[in-house]
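Residue numbers (the numbering used here), protein chains in the order written: chain Z, 1 to 120; chain W, 1001 to 1107. Quick reminder that beta carbons are idealized off the backbone N, C-alpha and C, glycines included. Keep in mind that this is a model prediction, so the values were computed, not measured.
Next up, the structure:
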């Protein structure tokens, strides 16, 4: 059974770069898409972007200028970098596996999420 | 972006009740819809994908239906472990978007 675990700093200063890693266990990172999703306190979910095991990516246009999602197949991990953060980026960040069925994408395995607070 | 309007935002029900949650998309999403369950402190769980396909291991009391812009998640007989937050997700076009969630509480 595949498990995902997010890791990274829980506190980031404004204007700095938020960096998170998702470690995939119980299965290979190859052949799937992998995604980051976030949920600000008291608000709904926002899709950030996804990466294919080959390294190709697709980002939410609202965040595209600040986001990089990458994959390290040797470590069975994928990562998120979000630059120039503000308090509005405070959220629980989830990583998830993406299944592609006839071009319909859905998240079939999720991590528990990690709270990242942006504050000085 | 495709907007997903989910209703109700909260719902009180009793064990054994039949419950229906609705998501309306701002355009036809051609069954590109999934439903997820979220409990505090736990990883969200996929329940239904492609609008009506039950994920492996999900109890048969859960069902999804709909087409075009309107989709529903039905729980036929609520069990204690079903009290949670439910949200829909469309993937007809990027950016992938979510409904605001329905919090299902015990009456």
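Evaluate residue 1081(W) with the Cβ neighbour count: other Cβ atoms within 10 Å of its Cβ, from every protein chain shown; 16 or more gives buried, anything less gives exposed. If you number the second chain from 1, residue 1081(W) lands on position 81. Looking at its Cβ environment, which holds fewer than 16 other Cβ atoms inside 10 Å, residue 1081(W) is exposed.
Terminal residues of the beta strand (DSSP E) in which residue 990(W) lies: As shown, chain W starts at 1001 and ends at 1107. That puts residue 990(W) outside it, with no answer to give.
Just checking: is the beta-carbon of residue 112(Z) within a distance shorter than 8 Å of some beta-carbon in chain W? Translated into positions along the first chain, residue 112(Z) becomes position 112. Using beta-carbon distances, residue 112(Z) counts as an interface residue toward chain W, with a partner under 8 Å.
Can you give the Cα-Cα distance for residue 25(Z) and residue 99(Z), rounded to whole angstroms? If you number the first chain from 1, residue 25(Z) lands on position 25. If you number the first chain from 1, residue 99(Z) lands on position 99. Taking the straight line from one Cα to the other gives about 17 Å.
The beta strand (DSSP E) enclosing residue 65(Z), as first and last residue numbers: Counting from one through the first chain, the residue named residue 65(Z) turns up at place 65. Counting along the chain, residue 65(Z) falls outside any beta strand (DSSP E), and DSSP gives it neither H nor E.
Near-chain Z residues of the stretch 1034 to 1049 of chain W (beta-carbon distance less than 8 Å), N- to C-terminal order: Those residues of the stretch 1034 to 1049 of chain W that come within reach of chain Z (Cβ to Cβ, closer than 8 Å) are 1034, 1036, 1041, 1042, 1043, 1044, 1045, 1046, 1049.
What does DSSP give as the partner residues of residue 1063(W) in its beta bridges? Position 63 of the second chain, counting from 1, holds the residue named residue 1063(W). Per DSSP, 1074(W).
Between which residues of its own chain and residue 1102(W) is the CB-CB distance below 8 Å, once the five residues before and five after are set aside? If you number the second chain from 1, residue 1102(W) lands on position 102. Correct list, in chain order: 1006, 1007, 1008, 1009, 1010, 1011, 1021, 1085, 1086, 1087.
Strand pairing of residue 72(Z), partner residues [DSSP]: Sequence index remark: in the first chain, residue 72(Z) carries index 72 (1-based). In the DSSP output, where bridge partners are listed per residue, residue 72(Z) has 77(Z).
Check each candidate in 15(Z), 59(Z), 16(Z) and name the one with the smallest Cα separation from residue 68(Z). As a first step, residue 68(Z) is located in the first chain; it is residue number 68 there, counting from the start. Restricting attention to 15(Z), 59(Z), 16(Z), the CA atom closest to the CA of residue 68(Z) is found in 59(Z).
In chain order, what residues of the same chain lie with their CB nearer than 8 Å to the CB of residue 55(Z), ignoring the 5 residues before and after it? Taking the first residue of the first chain as position 1, residue 55(Z) is located at position 55. Taken in chain order, the residues that qualify are 70, 71.
Counting only Cβ-Cβ distances shorter than 8 Å, please list the residues of the stretch 9 to 23 of chain Z near chain W, keeping chain order. Cβ proximity to chain W below 8 Å picks out nothing from the stretch 9 to 23 of chain Z.
Alpha carbon to alpha carbon, what distance is there between residue 1044(W) and residue 1083(W)? For the purposes of this step, residue 1083(W) is taken as the residue at position 83 of the second chain. For the purposes of this step, residue 1044(W) is taken as the residue at position 44 of the second chain. If I take the Cα positions, the gap works out to 13 Å.
Alpha-carbon spacing of residue 61(Z) relative to residue 1095(W), whole angstroms: Counted from its first residue, the first chain places residue 61(Z) at position 61. Counted from its first residue, the second chain places residue 1095(W) at position 95. Rounded to the nearest angstrom, the two C-alpha atoms are 7 Å apart.
From the DSSP secondary-structure annotation, give me the bridge partner or partners of residue 97(Z). Indexing the first chain from 1 puts residue 97(Z) at position 97. In the DSSP assignment, residue 97(Z) forms a beta bridge with 34(Z), 109(Z).
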